[in-house]
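Protein chains: 4
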Amino acid sequence: MKAIKDSVHDHIPVCDLAADLLDTPELQRLRHIKQLSTVRLVYPSANHTRFEHSLGVYYLAREACSLLGVEGDRAKAVRAAALLHDVGHGPYGHQTEGVIERRLGRHHDEVGDLLASGELGAVLESHGLDPGEVADLVAGEGRLGQLVAGELDVDRMDYLVRDAHHTGVPYGTIDHSRLLAALQFRDDDLVLSAGNVQTAEGTLVARALMNATVYRHHVSRIAGAMLERASERLLDSTDLRPEAFARMTDDRLLGALRDCPATADAARRLEQRDLYKRAVWAKLDAVPEAVVAADRDEVRAFEREIAETADAAGETDVSPEDVLVDTPGEPGMPESSTRVVVDGEVRRLADESPLVEGLRAAGRAQWRLGVYAPEEKIPEVGAAAERVLGVET
Amino acid sequence: MKAIKDSVHDHIPVCDLAADLLDTPELQRLRHIKQLSTVRLVYPSANHTRFEHSLGVYYLAREACSLLGVEGDRAKAVRAAALLHDVGHGPYGHQTEGVIERRLGRHHDEVGDLLASGELGAVLESHGLDPGEVADLVAGEGRLGQLVAGELDVDRMDYLVRDAHHTGVPYGTIDHSRLLAALQFRDDDLVLSAGNVQTAEGTLVARALMNATVYRHHVSRIAGAMLERASERLLDSTDLRPEAFARMTDDRLLGALRDCPATADAARRLEQRDLYKRAVWAKLDAVPEAVVAADRDEVRAFEREIAETADAAGETDVSPEDVLVDTPGEPGMPESSTRVVVDGEVRRLADESPLVEGLRAAGRAQWRLGVYAPEEKIPEVGAAAERVLGVET
Amino acid sequence: MKAIKDSVHDHIPVCDLAADLLDTPELQRLRHIKQLSTVRLVYPSANHTRFEHSLGVYYLAREACSLLGVEGDRAKAVRAAALLHDVGHGPYGHQTEGVIERRLGRHHDEVGDLLASGELGAVLESHGLDPGEVADLVAGEGRLGQLVAGELDVDRMDYLVRDAHHTGVPYGTIDHSRLLAALQFRDDDLVLSAGNVQTAEGTLVARALMNATVYRHHVSRIAGAMLERASERLLDSTDLRPEAFARMTDDRLLGALRDCPATADAARRLEQRDLYKRAVWAKLDAVPEAVVAADRDEVRAFEREIAETADAAGETDVSPEDVLVDTPGEPGMPESSTRVVVDGEVRRLADESPLVEGLRAAGRAQWRLGVYAPEEKIPEVGAAAERVLGVET
Amino acid sequence: MKAIKDSVHDHIPVCDLAADLLDTPELQRLRHIKQLSTVRLVYPSANHTRFEHSLGVYYLAREACSLLGVEGDRAKAVRAAALLHDVGHGPYGHQTEGVIERRLGRHHDEVGDLLASGELGAVLESHGLDPGEVADLVAGEGRLGQLVAGELDVDRMDYLVRDAHHTGVPYGTIDHSRLLAALQFRDDDLVLSAGNVQTAEGTLVARALMNATVYRHHVSRIAGAMLERASERLLDSTDLRPEAFARMTDDRLLGALRDCPATADAARRLEQRDLYKRAVWAKLDAVPEAVVAADRDEVRAFEREIAETADAAGETDVSPEDVLVDTPGEPGMPESSTRVVVDGEVRRLADESPLVEGLRAAGRAQWRLGVYAPEEKIPEVGAAAERVLGVET
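Chains as they are written, first to last, in our numbering: chain Z, 746 to 1138; chain D, 746 to 1138; chain Y, 746 to 1138; chain B, 746 to 1138.
Following this line, the structure appears as structure tokens:
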């Protein structure tokens, strides 16, 4: 069997189905989408791509099927879904997710059309697989779908370890081989076998620490916010169709931003890491409820009002493009609903482990509202933002 | 400068002082004391010794002094204390700590006499160091003592990473280089600089997960309890002096246990991993308060009573040697009092991070009372123990 | 001091000079140039960039200076040169080196102009450094230049370890901390101290195995050859100036290739890994001397003649663009001239170690002439190439 | 399935047969025999045991069988042989091999009697295995025996990687997953599949570098020589039977050496690393052929003559116990006879790769005759040894 060398899982044997899928443009495209998008502006080694991550997820799915006794066409479908689980991502992964959802009304794991058409569809069918069934697995549907997208999925097992390996931050090093070996089905639920409360806690904690240290680092958040707004402007000021936007790679998007006058400065700033800085960085209890819960249109209105206020106040010109308001949702904890066998019964981790509540509280304590602006306009924008948003200081 | 290769820190440069200290019998003895004593019966790769750990602590102390600008004789004293911090340990480290404290009234970090006499004293003095001052640093006293023994000490930074490396359990991989770089003195307190709440949380979590998965694994606890009781019996039935006992190595103690008729069976069981099994394994809320809080004499009385009850009940002979009652204290969390600079002020991690309470609760949820017995006597001993101790089932 | 997390060296402290240099567009550009260019088509994890490598080289230079007692402005100049040693690289690093040398007559380590102008020059001067002197160090000139570019340079120490980390191939894991500690100056020569013949052999061997397994993998060679020819065609068919070409990033070059009709197909093939295949793959002793030694114009003539012959022979159309002849030079072994102290004298490794000759012979045994073509034209091109080039079969 | 955590292979699933074998005293004994015996006096982290190594070999054998399609009872026998391949070792592994062979005429891989008797025999038979057949596999006999003991065996794959992990020396990190995947049978020969000349070279080189840096380090050689002579004296001066000696553990032997007056000093020296030093350290071409080829009795005669000469010469008393002459054989290169498929034919690596001869020459260049003595007697012993042995200086 063919094999591919991987820096995380070492030697990944590649079945014929996977070899054929890997040759499609849809999967090759993932070579050009970075797993952690703007995080690499903070952790310069974090240049790994969704292509290698997809291979890793395929590998773990293969192991999981083997350990769970899933065989034949069902195992083939799971392997295909694992390999393909990220083909629906837009350029820069999660950073353009909001833009794409608003314009196309489609989430990145809705891949039915993509899998049914083109080379992907042809390859799946030539191996006797129904693209629709594979798409359902990608969306986490059904018994086996839990392996691909669920609180115990192989996607998470791969990315935590891989992101740790490539950033150099040790917190993501979960015990994925133990997790795999502990998987079992109880009726139709994927659960961890007895004696694995700590295994589950370990994963939960890894994710929480990676959130705080890596995924939500303020430099990455700033770059991500800049990228999202530039993407919106690009779509508003050119005839680029959202469908085409969604199928771009990282570098094609960067190229398009460079070529469009309305976004050329943002492109230069992203390329040269000459980013906006924080004008406001406020904790949850300092921010009015209405701001925390603001939807996108309200956020834009805040930005305009802050810009006007700042522009009126000082000698510096401040335009709406100079102000970015960034209100993150609360960090999710899908792992908290992991089910573990305890004393013979299936229980939710959140009911079993007092750590879950502790981590949730820690997540809230780390929450920050950010308002970003060009470095030279920080004083004006900061003062205006505090006033407009009603942030306590 | 001489250097020693280490599997964790790679290349450890060794100064003249350290080279001379390493040649003393007191430090060479640590080659024969395993860092994790009975844990290796669960994690077979965990054969690392207090010798290599001491080298690692020396290395980190050296780095810390350099980053903190501690120089000259004060740095030399810190390096010496780091290298010597474990010379006071008895055979099998923490497993014989209770025995030694009861017989000698001395804790393993009280090393004043040891450092003032013999080759150690001579080496320290020949390098212009006062053994008493070094002993104070080992005991964590004074400003610089915090680096050697305190909630931010280099001892912990080394052992968490080293224990992870050698067990294969990933949870101990803390970000020790970031911790080192974040150390600073505020007045006379060793604290973490601003922006390091998560760094501190990472260490806290690492320790909690290592407690649950490694340090308090039931197989290691059983072997540890067997070893402790055998050590008591050895001291009771031979003329071995406690002072000599405390200076033994792991293998000398095992040899002595083999040679003494009262402990030969325990020695064989430990050597061949033919251990007692769990007759009772009960959660905190199932155990009467009086049992949880029982002191050593009360525990012994429980053991005798359980043995008598079991012996009376059935056809199997049960003697007091067949019953071990093991009531651990609550896991400590020294890291929770770590001080971190937040918004310009020094704060205790426990006041800043909701994680601390979550971990404390998780520690309580993992607490177990153990009663152990030879495999063939489990039914009788289990039933008797539940009755005698009043454990709910 | 600021610090950057690195997946290889962990925690890299960044001095003020380095922080300022890192903010220049010239260094930020290296974020967009992959260290191993087309190798990632074989080893999908190998996406690391010349930016993180430059940081690693800076880190090792800093350590080396400290161990060698190089201080003050001289150390600053070495650190600057280490950080800047790759700013002269064109897009895709070594793969466009030939193109750039032919068009501009300049090698990538001739960076005098680059360092003297723009933001780089300003930063260097503001820190009291002479750009010309730094450029000399980059070129390996002078006593300290050996640390930056020489047979014992920190560049090689970093890339062997980094390439191993990111490809997952273990062969590059040299003992770089021992190498650093063994560096010393004898008169003006940088040498390894006594007892380090095997340390030097280890590096030599690592490089030889990485050559065979990674750097000269046939898939990377094919992609590299395609890229080079496409770059030539791009420069020939557009008004892109060679100076501008040389300052592109990987993705800007790929974008330019996509936009130019003469190279659009090559761009698509590179992006989707739909590469040419091997029509001929011949050992050294099967290839006539004149072919091995052919210069670039002769190679092009061979390609045209092969295309004509193949086109004439069969039903398939074969144009000159369909044929790539790839004759690599013999793999270099700069490490073989490493000087090591043996019995008190400085000796060349090649004179001391019989391994050098063994590795050289192994390198010759691995040498291959490649002729590449689109998959469907392999039979015609292969037959024609063997005839035209006189390759034995 | 039960699983054991390993620091090298992570998660090792343990079949019922293995679980039963692991519970026997014969396998538990390997917990008390260090893999690298006296090497840990140089590399303090190298405390790993033959127990964990045996588990690693079992794991790789399991993988190899699965990849080669070996199933059922034949696979069970291979797994048993892999797990048991080291049970025949004496205390301190290879360091007492000579003593045991001379006294018992038996090599450590002749384990027929051991496997047929006691608990081992009972367990093997209870799982339907013939102890004699398993013993044959341990000795490398038959087609499948090549997997257990041969130039491509899983023993070597494990120990090179494990020794690298625990010493911290990177040279042993071979690509074992690629090796495993490349294994195939051609007729009855175990060979590497096409495209793996470099994979084989990598292993060969790893072993050669580990020989030079780790296995044959002079400090380990000195301690090994001291241990061997002390073992001989122990057997000569007590009624310890060779059969009992051969079944000791490391610490039981050390205890016996301590308790015997004739060896107590050697025991103390080994325990406290207060070793003999080098009085002579001579290259191959400086040593007369007769000395290189001397058998054990001749070596002993040399030692006595050197002691007499030294004793007569000076004021220092020199007794035969003070002189150790150590003439190692040439380092073996079993990997050089590895067979690899090249151009469709099976070829020996030594015929295919010029590296083999280079490594052989490097091995000869590293060969050293050692004469060791207590530090204070070095001058007399050195001078006498050069005279008696005719070593050029």
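Ideal placement from N, C-alpha and C gives every residue a C-beta, glycine not left out. Bear in mind the structure is a predicted one, so any value in this text is a computation, not a measurement.
For residue i, count the other beta carbons within 10 Å of its own beta carbon; 16 or more makes it buried, fewer makes it exposed. Which is it?
i	result
H921(Z)	buried
G814(D)	exposed
A1057(D)	exposed
G850(Z)	exposed
S871(D)	exposed
D933(Z)	exposed
P1143(Y)	The question about residue 1143(Y) has no answer, for chain Y in this structure spans 746 to 1138.
H798(Z)	buried
On the three-state DSSP scale, how would you describe residue i?
i	result
G817(D)	helix
V1087(Y)	strand
D996(D)	helix
G877(Z)	helix
V936(Y)	strand
T918(D)	coil
T1008(B)	coil
T841(Y)	helix
R774(Z)	helix
R824(Z)	helix
T794(Y)	strand
R1041(Y)	helix
R961(D)	coil
R1093(Y)	strand
T1033(Y)	Looking at the sequence itself, residue 1033(Y) is Pro, so the reference to Thr does not match. Here P1033(Y) sits in coil by DSSP.
Which residues share a DSSP beta bridge with residue i?
i	result
A1106(D)	In the DSSP output, where bridge partners are listed per residue, A1106(D) has none listed.
D751(B)	D755(B)
G1115(B)	W1026(B) and D1071(B)
L928(Y)	L937(Y)
K779(Y)	T794(Y)
I'd like the list of long-range same chain contacts for residue i, defined as Cβ closer than 7 angstroms, with 5 residues on each side in sequence excluded.
i	result
A825(Y)	L762, L766, L869, L874 and V879
A764(Y)	K747
T1138(Z)	E1131
R1105(Z)	M1078
C1005(D)	L979, S982 and T983
E896(Z)	P1079, E1080, S1082 and T1083
Between residue i and residue j, how many whole angstroms is the CB-CB distance? I'm expecting something under 8 angstroms.
i	j	result
H911(Z)	S752(Y)	6 angstroms
Leaving out five residues on either side along the sequence, give the residues of the same chain with a beta carbon under 6 angstroms from the beta carbon of residue i.
i	result
V1116(D)	A1024, V1025, V1070 and A1130
T1061(Z)	K1122 and E1125
P758(Y)	M746 and A748
R776(D)	T794 and F796
L905(Y)	G917, I919 and A951
G817(D)	none
T841(D)	G835 and S976
Which residues in the same chain as residue i place their Cβ atom closer than 8 angstroms to its Cβ, once the five residues preceding and following it in sequence are excluded?
i	result
D1040(D)	none
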